[in-house]
Structures are given as structure tokens and as C-alpha cells.
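K.L.:
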Amino acid sequence: MSASGSGRTGWASVTPALLWTLVFFAVPFAAMAVASLFPQGRQGPSLANYTQFFANPSYWRALVNSLEVTVIVTVISILLAYPFAWILAFMVPERWQRLALMLAVLPFWTSYVVRSYSWLLVLAEKGALNSALVHLGLLSDPIQIANTRAATVIGFVHFFVMLLTLTIYANLKQLSPSYRKAAADLGASPLQAFIHVVLPLTLPGIMVGAFLTFVLAIGDYITPQILGGNNELLMPQLIMMQIGRRGDFAGASALSIILMAVVSIAYLLCARWLKIERA
Amino acid sequence: MMARIVSTLYAAAIYAFIFLPVAVLVLFSFQGTLFPIPPFNGPSLRWYGAVLNDARLTDGLLNSVLVAVTSSALATLLGFLSAWGFARYYLPASAVLRGFITLPLTVSYLIIGMGLLIFFNWIGMPKSLTAAGIGHVVINLPLCFAIIYSQMGDHQANIERAARDLGAREWQVLTLVTAPMLWPALFASFFLSMTFSWDEFVISFLLTRFDTTLPVEIWNLLRAGLNPKTNAVGSLVFGVSILLAIVFELVAFRKRPR
Amino acid sequence: MTALVSVDSISQSFGQVQVLDAVSLAIQPGSYTVLLGPSGSGKTTLLSILGGFLQPTQGRVLIKGEDCTAMAPARRPTATVFQDYALFPHMSVGSNVAFGLRMRGVAKRERLGKAQDMLRIVGLDQAFDKKPHQLSGGQRQRVALARALVVQPAVLLLDEPLGALDLKLRRQMQDELKAIQKRIGTAFVHVTHDQEEAMALADHIVVMNHGRIEDEGPAERVYARPATRFAATFMGESTIVPGRVEADGQVRTALGLFPASGQVPGTEVHVAIRPEHVRVGPAIPATVKDVVYQGSFKRVTATPTAAPDIQLLARLPAGEPVQEGAEISLRVDPGEIIFLKD
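For the record, the sequence lines run as chains A, R and W. Sequential numbering from 1 applies to the first sequence in our numbering. Sequential numbering from 1001 applies to the second sequence in our numbering. Sequential numbering from 2001 applies to the third sequence in our numbering.
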């Protein structure tokens, strides 16, 4: 970075982006915060939207559902993705690794909405999965998967296994092969080498992926709406419902702020893993 | 060896899981009958025909491209200018301001969309493609900034100094020297923004009304239940995306001057 | 005495490329062996095979009489000091050193105690609780050494361990390595491309080139009487001149006559002349082509008048008034010429 030239050119250069972020991000956010304090159908500011959230069990339930689903999705995705990333990083010949990764990412070039719809096709009562299982004689009647939490989890896991595979793969690749060699040389079995050396060294990468999964999943509207149905509501669905059915922007704002708070708390808990670590 | 067999089976299972929905999608886009579920009667192109004849879908497609291209171009431009400004000049509170620009990355699209909905409502700006486009710039600007900023190095600063030394004015330095040098980063930013904008649902859903983008139109289709038309448009989008990815590969990996 | 490690006709190919060609070697207990050669000579490959990180295409490795060729590194009685040290960044120095003992099931207190003892031997007893990134390059190297030694391997393998250090530190570490090896008594096998390092450390130098052993033996012998042309030119500089052995037990070269005891009369030979054996004297008139000042001596290249196609290398005292283009007269110590076998 050079400290040359007149500062004015510098300011002129950065101002457009700063202004845009201010006007179209910061101000709307503030507007939302303010709106949340003016509940629909009341005069003047109040914390009613927030107190109502904590008082009303169906609202509160949505947050709990969101947290449960997100945690389940994160754990399952990591457990599935880590071995897959390992296989891609260490067992696939180097020449084919990029292709293998691209192949794994390819299905995600479909539109997100379309992808969730596709899972609906698979999981619906007359859909591909049930038809196949009935046809093979493994089931006598189709089972209900669509419009349940299981479907939402499957839809999420499908995406996040791919995302975590990529991040964990990158992590494993940049691990110097000398570490595993040194562990082996000193008498560690492959399992011991994994537990004592590889896992601790890749843990920060996993935590970053897990945090990303958490943030993206908890704020997602499409997957739970298409796959989970309306039997169980997650936070994003609750928020959209305030806007759609009731036109209650204030209520929706309050819920959004609460969601943001939850994400911030998660960030603080993970903060020490999210710092860039020294090699 | 045992490990090899287990690994191969595991990898195959994961790949099968990853491809399952897309395979079903594409297969039943060629469905001959009315429902995209087994049994498969076909192949037939009737649903592709239906898509291409559906004005709302084709309009949605064009709108998506329009919004994606303009918002990505704007995000890349703003990202480039700000990255350059921060990299080349000493500005007070630089770290804070840079953090501010990247802040939207940490916020869910739903919340960004909501904020804009309320804000636009407040200032009386109607729902439109423009509104959605503005939202897309908000989500993509941090990304463009981060990518381009990370590519700004000292050796480029020296080349710019040489250009100034030879008489170029600032805007000429930017357009004739800096931008071409940073071509890969600019291209990556633009392309990535296009990808996110093209596929983006929530912000478009909240901020558009009559003219809307393709993901929202597809969503509207979904309201009508399982329909092979959705399969067809989804497969089309998929096909186009793959094509674009191939184009990206060829362009990005041929032009790199390393 | 029976060799501690026997390398028995080891060959290694990678696809079409032959990296090692029927190499056989014996490593004696308590010795310091250096594998010396340029890059591509196969020395690192041989070390990898000894350590068990590579399976040779052909041949066997016997350690303490046991065929270890197919044995994994974990089970082999060897320990390796890697070129990049490979210290586990998430563990303290003490835990790093104790790692091998932990893998062997040694109880916590005992292994940490042993780790501390070994750290004391390498001069780092204050570093136990530090993390690797807090140490300097030389310190990390010593931790890597301690970590490998604490498991009491039959033979310690070192892969260009001093490559990343600056000259002064390298010399210091060479002294320390030698001292530690003598103190602990483990056989060391050390790979390097630096012939000065090899000569400083080795009891037994093995000069390698293109996957074969060119020469091996004590440093003094390999330097003074190299077996092959390659060994002669790799281990220090020399001027190589052709000559003909005459009936009277002398060899005639373009630079004059020299004693040739033990050589067969009538044969064509090549002799190598070390620069330190070329002095100012009345025998060979020459023109100075190049002078490089090296602090304690001057490296002089001269073209003999009688043999202008020879570049004669001489190491002259630093104070000798030599100038480029000047006429000079040199002589070669007659007893010090080296007859090359090839």
C-alpha cells in the first residue's frame, strides 16, 4: 500500500461504494430496527414485538426449530463431508482431483429454487424415492418424507455436504504431507495420526465451514418452505409470514433482528476459531 | 485393499446422493404425460416447448439476465474503485471502512431484502426490477471488493507510477493500466456476482411485483404443484449454467499470463 | 562387525525414470554416514527407502539383520528428521518431542520427563512449553532432532537438515550434530549436496550420482584419492588433464612430468590436480585469466603457455600479488596428483 498522491482522489474512489453500502444497507437496517419498535396497530414506540416473541410459544418454537434443524444439518453435513473430502484429497489421483471436485459441484449449478423442487420430486409420496422403494418391495406403502422436518434436513444436507467438502478439501490439501509422514515415522498408526495430528490441524477449517453452514441454513427460506411444508415453521418462514399474510413489517423486522442476534451470538462463540491462524 | 473398496463405495454413494435430485429433474423434464413422477413416459419435448411458449417464463429469464448483468457490472465497478482507493491511498480509519464495505457478507439475504423492503416503502420507491437490482449490488459489492482488493499489490502500484510519470491522468491510469492488469480479478468478481444474482430468490421475491426474475417465476410455478414444465425450465437453467461455467473455464484459464 | 543397516542392491524406478540403480551400502553402528550428491542423484530417494516411505522396485533393506523392505515407517527402528522439520504446530515443543513415546504407550510423566531430558541434550531445556512458531529455524531443527532421537532409533535419518539455515548457523549446527551423534552413539545417515558439510560431519562419505554410488569411504580418502572423475570434481574443485604413463614410472602431461607409481606404463590416463596443490613456482609459465578474492585465499584461473586449452585452477595466498592478464609461473606438488579411474 502506498501513501502517495492526493487523498482526494482516494476518497473520490472509495466514496461510491461506501455511500452505496450506507444508503442501501446500513440505513435500511436502521429503518428495520426502528420499524420493529413501532408495532402494527399501536401508537408510538414499544418493545411489544420483542416481548410478544418471547411470550408467544409458536413464535418461540420457530426459533427452537431453526436452531435444532441447523445444528442437526451442520453435524450431519460435517460427518458426511469429511470422509468424502479426505477421499478426494488423498485417495483420488492428483490429475483427477479437480475433475472430481467439479463433478461434485456440478449439480449445484441448478437454480436453488429448482433444486429444492427436485428434492420434492424425489421425496414426494408418489415421487421417485417412494416409487422405487415400493417397486423393489422394500416398502408396502409409501412413506411420508416430504413436508416433514426430515425433508428439510435432507435438502439442506445435500447443499452443505458439497460446501463443506470444498472447504475441508482445501484445508486438507494445504496440510503439509510431512506432518503425516512424521507421525507415521514416530510410530503412529493411520488412526492415531488422524486423531492427534490431522484432525487438530484441520479443526479451524471445519469450524469455519460449520459456522458458514449455520449462518446460511438458519437464514434460508426456500428449503424449509418447499420441503418442510407448513407443519413446522422455521424462523425465515415465520418472518415471511408476517409480511405476506399480515403485512406486519414491524413484526417481521423484530423477528429479523432477533435472528441476527442469534447469528451474532453464534459468531462470538466461534470467534476464536474464525481468526486466521498462523501456519 | 479393504480401505480402497470402502472408500470407493462411500464416494460413489455420496456422488449418487449429490446427483439424485438433478437426475430426477432432468429425466422427468422429458416426461410425456402430465406429472413429473414415475412412471416415465417419454421422452418428449412437450414441456420444453411449453416453457419457451410461456411468456412469463421467458420474460423472467430476460429479466434475470438484465438484473444480473447490470447489478454485477455496477458491483464490480464500485468494488474496483473502492479497492483501488483503499490500496493506493492512505485513508484514515481504512480498516474500519473496509470492514464496513464487507459487512453485508455476514447478513442473511432475507434480512437485507427485508431492510430494503421497509426502506423503499418508507421513501415511496415501488417494487421493481430496479429495486431487486439494487439489492443484488448490496450483496455482491462486498464480494467484488474483497476479491479485487486481495489482488492489489505493490508491483502494480509501481507500474501505475510509471504511467503517471509518462503523463497519464488518473482516469487514464485506471482505465488503461490498472483495470487491464487486474483483468482476472475483475472477471472473477463479475462472474461470481452474475452467478449469485442469477440464482437469487429472496431479495427478488421481496422487491419485485409484476416484472420479476426467473427464480421468482419458477417459484410461482411451484404454487401450482408438481409440473414437468418446472422440470423443463430447471433443466434449461442447468444447461445454460454449465455452458457458462465451461466458458468461464476456457476464458479464465487461457488468459492467465502466468 | 556386521553392518547395522544393509542396503542390498536397491533399485528404484518411477515409470520410465530409473532413480536408483542397484545400490548396495553398509552402515556401521555408531557411524556418521553422509549421502552426498547433486540433486537427482537419488540420495533422497535412498533415504526415503531407508525410512520406509517408499517401497523399492527391487532389492532389500536389512536393519539389524531383519528384512525391513516392506515394513511401514511406524514399525521400523528408524526415525527421520525432515527437511521442513514437520513439527506439529498445534502441540507444544515438549509434546512434539514426546509424541513418539506416546505412540509407544509410554506413560505421561515418564515420556514428558524423557522429552525434557532430550531437550536438554540439544540445548533447548527452556523451550518445553513453547509452540514451534515461537522458535527460530535453528531451534526448530534441534526440536526435530530431539523428537527423533528420544524414541531411540537404531539409525537416525536426516534429510538435508541444515539447508534452510544461514552459513554461520549451519557451521554451528554441524558442530552440534557431530557432538550429539558422538554423545548418543546412534548411527546417523545424513543427506546433503554440500560437500563441505559432508566432509565436516562424515565418518563415511557416500558420493552418489545418477542413482549410483561413485565413491565411498572416509572423507580424507575420498577427497585425496577420489575413485572416479565425478567424485573428483564434485568433492572440491580440480583441474583435469590427460596424460600418458611412460615406461620410467612417470606420467607425461601437458603440464609436465609427474610420478606415476602403480600405474601401468603405456596407458592413457586422466589426472586431477587440486587447486591447493598448485603454487607459485618455476615449472609452468602461464597467463592469469581470472582472480577471485575469497578472503583467506585467492582463487586464480590461469592458462598455461604450453597448453592453452587447459584452465589451471590455483589457490594462492591472499597476499599474492596476482593480476588479470599478468604472466605468472606455477608449479604442482608432484606427489599430490590424483589418478582417476574412468
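Ideal Cβ placement from N, Cα and C applies to all residues, glycine included. From a predicted model like this one, the values you see are computed outputs, not experimental measurements.
(1) Compile a chain-ordered list of the residues in the stretch 1083-1094 of chain R whose CB is closer than 8 Å to at least one CB of chain A.
(2) Taking 8 Å as the threshold (C-beta atoms), are A:Val113 and R:Phe1191 in contact?
(3) At what residues does the beta strand (DSSP E) containing W:Pro2024 begin and finish?
(4) Is there a Cβ from chain A that is less than 8 Å from the Cβ of W:Gln2012?
(5) Is the shortest distance between the beta-carbon of R:Ile1037 and the beta-carbons of chain A less than 8 Å?
(6) Any beta carbon of chain A sitting closer than 8 Å to that of R:Arg1258?
(7) Under 8 Å by Cβ, that's how I've got R:Ser1108 and A:Gly219 pegged, so tell me the actual separation to the nearest angstrom.
(8) For W:His2204 versus W:Pro2242, is the C-beta spacing smaller than 8 Å?
(9) Where does A:Leu268 land, buried or exposed, given buried means 16+ other C-beta within 10 angstroms?
(10) Quick check: A:Trp109 and R:Ser1241, are their CB atoms within less than 8 Å of each other?
(11) Ignore the nearest five residues each way along the sequence and tell me which others in R:Phe1196's own chain have a CB closer than 8 Å to its CB.
(12) Can you tell me whether A:Gly127 is buried or exposed? The criterion is at least 16 other CB atoms within 10 Å of its CB, across all chains shown.
(13) Looking only at DSSP bridge pairs, what is R:Glu1217 linked to?
(14) In whole angstroms, what is the alpha-carbon distance linking A:Met1 and R:Thr1178?
(15) Examine chain A for any beta-carbon lying closer than 8 Å to the beta-carbon of W:Thr2253, and answer yes or no.
(16) Using a Cβ-Cβ cutoff of 9 Å, what residues of the stretch 2309-2330 of chain W are near chain A? List them in chain order.
(17) Across which residues does DSSP place W:Thr2301 in a beta bridge pair?
(18) In whole angstroms, what is the alpha-carbon distance linking A:Ala279 and A:Pro204?
(19) Need the endpoints of the beta strand (DSSP E) that W:Leu2158 sits in, please.
(20) Looking at the C-beta of A:Pro93, does it have a partner C-beta in chain W at a distance below 8 Å?
(21) My output table needs one value for W:Ser2329: the three-state DSSP class, helix, strand or coil.
(22) Could you check whether the Cβ of R:Asp1199 sits closer than 8 Å to any Cβ belonging to chain A?
(23) Using the beta-carbon count (16 or more within 10 Å), is A:Arg272 buried or exposed?
(24) Whose Cβ in chain A lies nearer than 7 Å to the Cβ of R:Trp1122?
(25) Report the rounded CA-to-CA distance for W:Tyr2223 versus W:Met2235, giving the unit in angstroms.
(26) On the three-state DSSP scale, how would you describe W:His2204?
(27) Which residues mark the beginning and the end of the beta strand (DSSP E) in which W:Tyr2032 is found?
(28) Report yes if the CB atom of A:Ile206 is closer than 8 Å to the CB atom of A:Ile78, and no otherwise.
(29) For the candidate residues A:Glu125, A:Ala210, A:Ile195 and A:Leu255, whose alpha-carbon lies nearest to that of W:Phe2088?
(30) Would you say the beta carbon of R:Arg1088 comes nearer than 7 Å to a heavy atom of the ligand COA?
(31) Write down the C-beta distance between A:Thr213 and A:Leu163 rounded to the nearest angstrom, noting that I regard them as a contact closer than 8 Å.
(32) Just list the residues that DSSP pairs A:Glu232 with in beta bridges.
(33) What number of angstroms, rounded off, separates the C-alpha of A:Met91 from the C-alpha of A:Val23?
(34) Roughly how many angstroms lie between the CA atoms of W:Arg2104 and W:Val2150, to the nearest whole one?
(35) How far does the beta strand (DSSP E) with W:Ile2063 in it reach, from first residue to last?
(36) Which residues in the same chain as W:Ser2024 place their Cβ atom closer than 7 Å to its Cβ, once the five residues preceding and following it in sequence are excluded?
P.N.:
Well, looking at it:
(1) For the stretch 1083-1094 of chain R, which is checked against every Cβ of chain A, the residues closer than 8 Å are Trp1084, Gly1085, Phe1086, Ala1087, Arg1088, Tyr1089, Tyr1090 and Leu1091.
(2) Within the second sequence, residue 1191 of chain R is the residue found at index 191, counting from 1. Within the first sequence, residue 113 of chain A is the residue found at index 113, counting from 1. Not a contact, by the Cβ cut-off of 8 Å.
(3) Along the third sequence, one-based indexing puts residue 2024 of chain W at 24. The question names Pro, but residue 2024 of chain W in the sequence shown is Ser. Segment Val2017 to Ile2027, the beta strand (DSSP E) holding W:Ser2024.
(4) Residue mapping note: residue 2012 of chain W aligns to position 12 of the third sequence, counting from 1. Contact with chain A is absent for W:Gln2012, since none of that chain's Cβ atoms lies less than 8 Å from the residue's Cβ.
(5) In the second sequence, counting from the first residue as 1, residue 1037 of chain R sits at position 37. True, the Cβ-Cβ gap to chain A drops below 8 Å.
(6) Counted from its first residue, the second sequence places residue 1258 of chain R at position 258. Reliability of the predicted coordinates at R:Arg1258 is poor, the pLDDT of 48 falling under 50, and the value obtained from them is presented with this limitation in mind. So no, R:Arg1258 is outside the interface.
(7) Working through the second sequence from its first residue, we reach residue 1108 of chain R at position 108. Working through the first sequence from its first residue, we reach residue 219 of chain A at position 219. Rounded, the Cβ-Cβ distance is 3 Å, consistent with contact.
(8) Numbered from 1 along the third sequence, position 204 holds the residue referred to as residue 2204 of chain W. Numbered from 1 along the third sequence, position 242 holds the residue referred to as residue 2242 of chain W. Contact check for W:His2204 against W:Pro2242 fails: the beta carbons are separated by 8 Å or more.
(9) Position 268 of the first sequence, counted from the first residue, corresponds to residue 268 of chain A. Residue burial annotation: A:Leu268 is exposed, with fewer than 16 other C-beta atoms found within 10 angstroms of its C-beta.
(10) Sequence index remark: in the first sequence, residue 109 of chain A carries index 109 (1-based). Sequence index remark: in the second sequence, residue 1241 of chain R carries index 241 (1-based). Judged by their CB atoms, A:Trp109 and R:Ser1241 are nearer to each other than the 8 Å cut-off.
(11) Stepping through the second sequence from its first residue, residue 1196 of chain R is reached at position 196. Taken in chain order, the residues that qualify are His1136, Ile1139, Asn1140 and Leu1143.
(12) Here residue 127 of chain A refers to the residue found at position 127 when the first sequence is read from its first residue. The residue is buried, with at least 16 neighbouring Cβ atoms inside 10 Å.
(13) Here residue 1217 of chain R corresponds to residue number 217 of the second sequence, with the count starting at 1. Its beta-bridge partners do not exist; DSSP assigns none.
(14) The residue given as residue 1 of chain A occupies position 1 in the first sequence. The residue given as residue 1178 of chain R occupies position 178 in the second sequence. Low confidence applies to A:Met1: its pLDDT is 42, below 50, so where it sits in the model is not reliable enough to give any reading.
(15) For the purposes of this step, residue 2253 of chain W is taken as the residue at position 253 of the third sequence. Put simply, the CB of W:Thr2253 is far from chain A, with every gap to its CB atoms at 8 Å or more.
(16) The residues in question: there are none.
(17) Along the third sequence, read from residue 1 onward, the residue named residue 2301 of chain W stands at position 301. Partner(s): W:Asp2290 and W:Leu2313.
(18) Locating residue 279 of chain A in the first sequence gives position 279, counting from the first residue. Locating residue 204 of chain A in the first sequence gives position 204, counting from the first residue. Since pLDDT at A:Ala279 reaches only 31, below the 50 mark, its modelled position is unreliable, and the value read off the structure follows with that caveat. Whole-angstrom Cα-Cα distance: 12 Å.
(19) The sequence position of residue 2158 of chain W within the third sequence is 158, counting from 1. Counting along the chain, W:Leu2158 sits inside the beta strand (DSSP E) bounded by residues Val2155 to Asp2159.
(20) What you label residue 93 of chain A is simply residue 93 of the first sequence in a count that begins at 1. It does not; no Cβ of chain W falls within 8 Å.
(21) Within the third sequence, residue 2329 of chain W is the residue found at index 329, counting from 1. If DSSP states are grouped into helix, strand and coil, W:Ser2329 belongs with the strands.
(22) The residue labelled residue 1199 of chain R in the question sits at position 199 within the second sequence. For R:Asp1199, the answer is yes, since a Cβ of chain A falls inside 8 Å of its Cβ.
(23) For the purposes of this step, residue 272 of chain A is identified with residue 272 of the first sequence, where counting begins at 1. Classification of A:Arg272: exposed, given that the 10 Å Cβ count is below 16.
(24) Position 122 of the second sequence holds residue 1122 of chain R. Contact annotation for R:Trp1122 against chain A: Ala31 [CB-CB distance below 7 Å, chain order].
(25) Against the third sequence, residue 2223 of chain W aligns to sequence position 223. Against the third sequence, residue 2235 of chain W aligns to sequence position 235. Looking at the two C-alpha atoms, the distance is approximately 6 Å.
(26) The sequence position of residue 2204 of chain W within the third sequence is 204, counting from 1. Strand, per DSSP.
(27) Working through the third sequence from its first residue, we reach residue 2032 of chain W at position 32. Start and end: Tyr2032 to Leu2036.
(28) Here residue 206 of chain A refers to the residue found at position 206 of the first sequence. Here residue 78 of chain A refers to the residue found at position 78 of the first sequence. Yes, these two residues count as a Cβ contact at 8 Å.
(29) As a position in the third sequence, residue 2088 of chain W is number 88, starting the count at 1. Nearest C-alpha to W:Phe2088: A:Ile195.
(30) What this structure holds is no ligand at all, so the ligand COA is not there to describe.
(31) Sequence index remark: in the first sequence, residue 213 of chain A carries index 213 (1-based). Sequence index remark: in the first sequence, residue 163 of chain A carries index 163 (1-based). With a Cβ gap of about 7 Å, A:Thr213 and A:Leu163 count as contacting.
(32) The residue you call residue 232 of chain A lines up with position 232 of the first sequence. None; A:Glu232 has no bridge partner.
(33) Sequence index remark: in the first sequence, residue 91 of chain A carries index 91 (1-based). Sequence index remark: in the first sequence, residue 23 of chain A carries index 23 (1-based). Those two C-alpha atoms are separated by around 50 Å.
(34) Indexing the third sequence from 1 puts residue 2104 of chain W at position 104. Indexing the third sequence from 1 puts residue 2150 of chain W at position 150. For W:Arg2104 and W:Val2150, the distance between alpha carbons rounds to 12 Å.
(35) Along the third sequence, one-based indexing puts residue 2063 of chain W at 63. That run of the beta strand (DSSP E) goes Gln2058 to Ile2063.
(36) In the third sequence, residue 2024 of chain W corresponds to position 24, counting from 1. So the qualifying residues of the chain are Val2007, Asp2008 and Ser2009.
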